[in-house]
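When the sequence shown is numbered by the numbering used here, its final residue is 134 and no position is left out of the sequence of numbers. Yeah, the Cβ is synthetic: ideal placement off N, Cα and C, and Gly gets one too.
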Amino acid sequence: MQGFTLMELMMIVVIIGILATLAFPSYDSFIRKARMEEAKARIMDKARSMERLYSKARTLNDTTAGNQASAPVSTDFFDITFAPGSPKADSYEIIARPNARNSRETKGIYYNSIGILNRCNIDSDGNTSNCEQY
1 MQGFTLMELM MIVVIIGILA TLAFPSYDSF IRKARMEEAK ARIMDKARSM ERLYSKARTL
61 NDTTAGNQAS APVSTDFFDI TFAPGSPKAD SYEIIARPNA RNSRETKGIY YNSIGILNRC
121 NIDSDGNTSN CEQY
């Protein structure tokens, strides 16, 4: 007799199911962290360009050509923008909100010009709550 019995095949399916159940949360956590790190990298890149702008123009909201603060670049999974009312002459705030492609993410990222970087709940108006240092 060659081959597998139905019982042996069912045991293999059960074992694969158990392994998948254990592996998926870890994989999902890894993917969420990678997406968050990509957004953090874009925010930090924008922060460096804002500091260069301030060094050059001595203000962050100069309207002369070449001295204007460009909008932050979003990622595939986070919409990155300046907070409402930002940038001001000497400060700025950048927020990253999860977009529709990242609907399972509950936290966004908040960064300001004095170096505070937090993971927060961010509403549609840019208000933050339940922040934790990131």
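Whole angstroms is fine: what's the gap from I122's alpha carbon to V13's?
As a working mapping, residue 122 is identified with position 122 in the sequence shown. As a working mapping, residue 13 is identified with position 13 in the sequence shown. Computed Cα separation, rounded: 42 angstroms.
Measuring CB to CB, does F82 end up less than 8 angstroms from N99?
Along the sequence shown, read from residue 1 onward, the residue named residue 82 stands at position 82. Along the sequence shown, read from residue 1 onward, the residue named residue 99 stands at position 99. Not closer than 8 angstroms, so no.
Through-space distance from Y111 to A139, alpha-carbon basis
Limits of the chain in this structure are 1 at one end and 134 at the other, which puts residue 139 out of reach.
Can you give the Cα-Cα distance for P84 and Y27, rounded to whole angstroms?
If you number the sequence shown from 1, residue 84 lands on position 84. If you number the sequence shown from 1, residue 27 lands on position 27. If I take the Cα positions, the gap works out to 35 angstroms.
Among C120, S70, D76 and E105, nearest to Y92 - alpha-carbon criterion:
If you number the sequence shown from 1, residue 92 lands on position 92. Ranking C120, S70, D76 and E105 by Cα distance to Y92 puts S70 first.
What is the residue span of the beta strand (DSSP E) that P25 lies within?
Indexing the sequence shown from 1 puts residue 25 at position 25. No beta strand (DSSP E) contains P25, which is instead part of the alpha helix (DSSP H) from L6 to A57.
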